[in-house]
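Read in order, the letters of the sequence shown correspond to residues 1 to 490 in the UniProt record's numbering.
Down below is the structure, laid out as structure tokens.
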Amino acid sequence: MSGIFLLAAGFAGADCVNSIYPKSAAPELLATADGVLSLRKAEATASQEGGGALCALQLQDLAQLYFWGSQRVTPAVSANLSASYQYALESRRTGHWPFDLRLLRAIYVLAGLDASYSPEEALRQFQREIDSGESLRRDKATAVLNQLANLRPNLSLSGNEPYSDRRLSRAMSNIESAVMLTRDNGRIRLLVVDQQGQPQLAWARQASKQQATDGSPPKVFLQRLPPTGANGAQDSRQQVWQLPRSVPHAGILISRFRQRDGSSYESRCTANPISAGWLISAAHCLFAPDGSQNLLSLRYVASPLQSGALSEIGAAWLHVMHDPHDQITGNVGRYSGSDIALFKLKLPLVEGEVSRLAAPQSRELATWADSFAYPSDKTENTLWLSRCRASLWQPGGVAFSDLYSLDCLSHEGQSGAALLQNIAGESYIVGILSSRISNKEINQPIFTALNAALIADIGLLIAGDGNKTANFRRYAIEHNLAEANSEFLP
């Protein structure tokens with residue numbers, strides 16, 4: 001494989017240790033917690049008088065560590081682009097840039113920290129990786145650009161169009177927001193995304209209307225897009241190694257059952273916290289494939305990317321109309337139109353912001369919807385992003401939710417994932433991925449849309465007023481778990 005993604009060299013001198021970062025061909029991108037701790041220890045030792053110097057490979061690793069940051073250790077390491085650049089400069093023992101930091105060097109150029117070559121050439125390096133035809137090279141290069149978007153201010157361009165040239169003569173359309181890279185002579189350099197999801201440089205006049213905050217969540221997130229006319233068979237999933245700050249967290253709901261034939265079965269669904277103590281996912285995650293309800297255990301992994309601990313589920317509420325047998329009889333409207341459930345954790349999450357909930361933006365036109373999920377056909381506990389066009393497929397009426405079809409591929413493990421739409425510049429949960437429907441009418445993934453009544457009832461549940469809800473009923477998981485035979489428990 002020819003692509004190298006900010007990865008340390010495979011050879012280290014005798015006075016140095018091996019890199020803590022995975023090699024380019026590995027599916028991993030970030031360092032392990034043990035690796036980060038050892039590197040921070042070496043950094044602290046070197047900062048003390050007489051503590052010794054860091055070798056070039058350690059300096060390269062520190063450049064990466066401060067570019068990515070790390071939530072895998074306590075205290076967490078905050079990303080710091082300036083610190084990353086300083087360590088990268090120190091690693092140039094021979095005066096040349098290490099090849100292993102070539103994409104990181106391109107980031108420094110884009111951000112205006114380094115002037116080794118033009119920002120246009122820096123972006124071309126990323127475009128070559130994205131267009132390489134190799135999914136791992138594409139996804140890793142995209143992840144680097146997205147991290148840059150996390151580290152630079154997000155800029156609203158309302159009333160001031162960006163331009164594709166420095167002279168501000170060729171205006172760009174359909175650009176809602178951008179990442180600000182540099183300011184220079186009354187102009188600002190931006191990183192934007194075109195209609196095909198490709199990164200582009202842009203320029204704009206510096207004006208008082210432009211507002212940027214260093215801590216604002218990035219609205220630009222680069223991804224693969226299904227082609228126009230896609231029918232749901234196109235796999236446009238893109239691996240991500242860190243969730244952007246602008247979207248709700250995503251974890252894994254693990255359910256274990258005893259089926260009617262006596263065998264045990266484990267189900268993994270994606271679930272999203274909507275507050276510190278509540279999760280939202282699909283109702284069918286509470287049932288075995290044969291429709292049985294012999295639940296043996298129900299747990300949540302809040303941080304799969306960090307090998308997080310299991311959290312116990314204390315209570316579950318599912319849509320009053322949900323019946324798992326509707327799947328067997330093929331009643332899609334009833335089955336997916338009620339495929340939504342809320343789960344209360346026994347112990348609240350340490351960090352749990354209240355998620356924004358809304359109905360989908362449009363019932364008439366196809367609109368983009370994003371989801372972050374943990375598909376079972378990929379390496380376990382890896383996170384994948386899908387951006388799909390959502391179209392109203394079947395109205396729900398009074399008792400059920402509207403069903404929307406998606407034009408991209410989904411797989412087991414993605415069920416229960418929140419569908420996200422950008423509304424007024426913020427990310428909202430608008431539905432829950434139900435299942436892939438395959439019949440004479442449709443062969444596409446379906447999501448269960450939120451509506452005003454469901455959103456109101458979810459608010460009552462979070463507030464502790466579950467007895468007032470009209471659309472959810474409590475599911476007796478306590479009784480099932482109390483009777484679970486210990487030999488089936490993990």
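Note that the Cβ used here is the ideal one computed from N, Cα and C, for glycine as well.
What residue from I280, Q293 and P248 has the CA that sits closest to residue 491's CA?
Residue 491 is absent from the structure shown; the chain starts at 1 and stops at 490.
By how many angstroms is the C-alpha of P360 removed from the C-alpha of A476?
Position 476 of the sequence shown, counted from the first residue, corresponds to residue 476. Position 360 of the sequence shown, counted from the first residue, corresponds to residue 360. If I take the Cα positions, the gap works out to 31 Å.
Tell me the DSSP bridge mates of L268?
Numbered from its first residue, the sequence shown carries residue 268 at position 268. The amino acid occupying residue 268 in the given sequence is Arg; Leu does not appear at that position. Per DSSP, I254.
With a cut-off of 8 Å on the beta carbons, I'd call T448 and L403 a contact; round off their distance for me.
Residue mapping note: residue 448 aligns to position 448 of the sequence shown, counting from 1. Residue mapping note: residue 403 aligns to position 403 of the sequence shown, counting from 1. So it is a contact: roughly 7 Å between Cβ atoms.
Determine contact between the segment 445-464 and the segment 342-359, defined as no fewer than three beta-carbon pairs at a distance below 8 Å.
yes
Buried or exposed: where does N471 fall if 16 or more other Cβ atoms within 10 Å of its Cβ makes it buried?
Here residue 471 refers to the residue found at position 471 of the sequence shown. N471 sits buried, since 16 or more C-beta atoms from the chains shown fall within 10 Å of its C-beta.
Taking just the CA atoms, how far does S82 sit from L296?
Here the question's residue 296 lines up with position 296 in the sequence shown. Here the question's residue 82 lines up with position 82 in the sequence shown. So the two alpha carbons sit approximately 50 Å from each other.
Measure from the alpha carbon of S38 to the alpha carbon of each residue in A25, R72, F67 and P27, then state which is nearest.
Here residue 38 is taken as the residue at index 38 of the sequence shown, counted from 1. The residue with the shortest Cα to Cα distance from S38 is R72.
Return the first residue and the last residue of the alpha helix (DSSP H) that D61 is part of.
Within the sequence shown, the letter at position 61 stands for residue 61. Segment A56 to W68, the alpha helix (DSSP H) holding D61.
What did DSSP end up calling G314 once you bin it into helix, strand or coil?
Here the question's residue 314 lines up with position 314 in the sequence shown. Note: G314 maps to strand in three-state DSSP.
Cβ atoms of T379 and P98: under 8 Å apart, would you say?
Locating residue 98 in the sequence shown gives position 98, where the first residue counts as 1. Locating residue 379 in the sequence shown gives position 379, where the first residue counts as 1. No. Outside cutoff.
For C16, the residue or residues it bridges with in DSSP:
Position 16 of the sequence shown holds residue 16. Looking at the DSSP assignment, C16 forms no beta bridge with any residue, so it has no partner.
Residue interval of the alpha helix (DSSP H) (run including I455):
For the purposes of this step, residue 455 is taken as residue 455 along the sequence shown, with counting starting at 1. Here the alpha helix (DSSP H) through I455 covers A452 to I462.
Below 8 Å between beta carbons: does that hold for A111 and Y163?
Here residue 111 corresponds to residue number 111 of the sequence shown, with the count starting at 1. Here residue 163 corresponds to residue number 163 of the sequence shown, with the count starting at 1. Against a cut-off of 8 Å, the Cβ pair of Y163 and A111 comes out as no contact.
What is the DSSP secondary structure of Q327, counted as helix, strand or coil?
One-based indexing of the sequence shown puts residue 327 at position 327. Helix, per DSSP.
Should G322 be labelled buried (16 or more other beta-carbon atoms within 10 Å of its own) or exposed?
The residue labelled residue 322 in the question sits at position 322 within the sequence shown. Checking the sequence shown, residue 322 turns out to be His, not Gly. The residue in question, H322, is buried, as its Cβ has 16 or more Cβ neighbours within 10 Å.
Comparing alpha-carbon positions, which option in C408, V192 and I423 lies nearest P226?
Here the question's residue 226 lines up with position 226 in the sequence shown. Proximity to P226 across C408, V192 and I423 peaks at C408, based on C-alpha coordinates.
Integer Cβ distance of I437 from V332, believed to fall under 8 Å:
Working through the sequence shown from its first residue, we reach residue 437 at position 437. Working through the sequence shown from its first residue, we reach residue 332 at position 332. I437 to V332, Cβ: 6 Å. Contact.
Which parts of the segment 87-117 are runs of the beta strand (DSSP E), unbroken and 3 residues or longer, counting only runs that do not cross its ends?
none
State buried or exposed for N272, treating a residue as buried only when at least 16 other CB atoms are found within 10 Å of its CB.
Residue 272 sits at position 272 when you count from the first residue of the sequence shown. With 16 or more other CB atoms across the displayed protein chains lying within 10 angstroms of its CB, N272 is buried.
Provide the residue span of the beta strand (DSSP E) that contains I130, from first to last.
Your numbering for residue 130 matches position 130 in the sequence shown. Premise fails: I130 lies in the alpha helix (DSSP H), P119 to I130, not in any beta strand (DSSP E).
Assess, as a yes-or-no matter, whether the segment 419-430 is touched by the segment 230-241 under the definition of 3 or more beta carbon pairs within less than 8 Å.
Of all C-beta pairs linking the segment 230-241 to the segment 419-430, fewer than three are shorter than 8 Å, placing the two stretches out of contact.
Residue range of the alpha helix (DSSP H) that includes S434
Here residue 434 refers to the residue found at position 434 of the sequence shown. No alpha helix (DSSP H) contains S434, which is instead part of the beta strand (DSSP E) from E426 to S438.
When we look at the beta-carbon of Q327 and count the other beta-carbons within 10 Å, is it buried (16 or more) or exposed?
Counted from its first residue, the sequence shown places residue 327 at position 327. Burial call: buried.
In DSSP terms, what W368 is bridged to:
Locating residue 368 in the sequence shown gives position 368, where the first residue counts as 1. DSSP output for W368 lists R389 as bridge partner(s).
Which residue comes first and which comes last in the alpha helix (DSSP H) that contains residue 521?
One cannot answer for residue 521 here, as it falls past the ends of the chain, which runs 1 to 490.
Burial state of S169 (16 or more Cβ within 10 Å)
To locate residue 169, count along the sequence shown from 1; it is residue 169. Looking at its Cβ environment, which holds fewer than 16 other Cβ atoms inside 10 Å, S169 is exposed.
S362 versus N451: straight-line alpha-carbon distance, rounded:
Your numbering for residue 362 matches position 362 in the sequence shown. Your numbering for residue 451 matches position 451 in the sequence shown. Their Cα atoms are separated by approximately 12 Å.
Let me check understanding here. Comparing Cα to Cα, which of E441, I462, S405 and L101 lies closest to S435?
Counting from 1 along the sequence shown, the entry for residue 435 is found at position 435. Nearest of E441, I462, S405 and L101 to S435, Cα basis: S405.
Which whole-angstrom value describes the C-beta separation of F287 and R334, a residue pair presumed to lie in contact below a C-beta threshold of 8 Å?
Counting from 1 along the sequence shown, the entry for residue 287 is found at position 287. Counting from 1 along the sequence shown, the entry for residue 334 is found at position 334. Their Cβ separation, rounded to whole angstroms, is 14 Å, which puts F287 and R334 out of contact at 8 Å.
Continuous alpha helix (DSSP H) stretch holding R40: start and end
The residue labelled residue 40 in the question sits at position 40 within the sequence shown. A33 to S47 is the span of the alpha helix (DSSP H), which, as asked, contains R40.
State the DSSP-derived secondary structure class of L190, mapped to helix, strand or coil.
Reading the sequence shown from its first residue, position 190 is the one you call residue 190. Judged by DSSP in its simplified three-state form, L190 adopts strand.
Residue interval of the alpha helix (DSSP H) (run including Y300):
Taking the first residue of the sequence shown as position 1, residue 300 is located at position 300. No alpha helix (DSSP H) contains Y300, which is instead part of the beta strand (DSSP E) from L295 to V301.
Counting only the same chain and skipping the five closest in sequence on each side, list residues whose C-beta sits under 7 Å from that of A171.
Taking the first residue of the sequence shown as position 1, residue 171 is located at position 171. So the qualifying residues of the chain are E161 and Y163.
Could you spell out the range, first to last residue, of the alpha helix (DSSP H) harbouring residue 499?
An answer regarding residue 499 cannot be provided, because it is not within the stretch 1 to 490 covered by the chain.
Apart from the five residues just before and just after R183, which ones in its own chain have a Cβ nearer than 7 Å to its Cβ?
Locating residue 183 in the sequence shown gives position 183, counting from the first residue. Hits under 7 Å: Q206.
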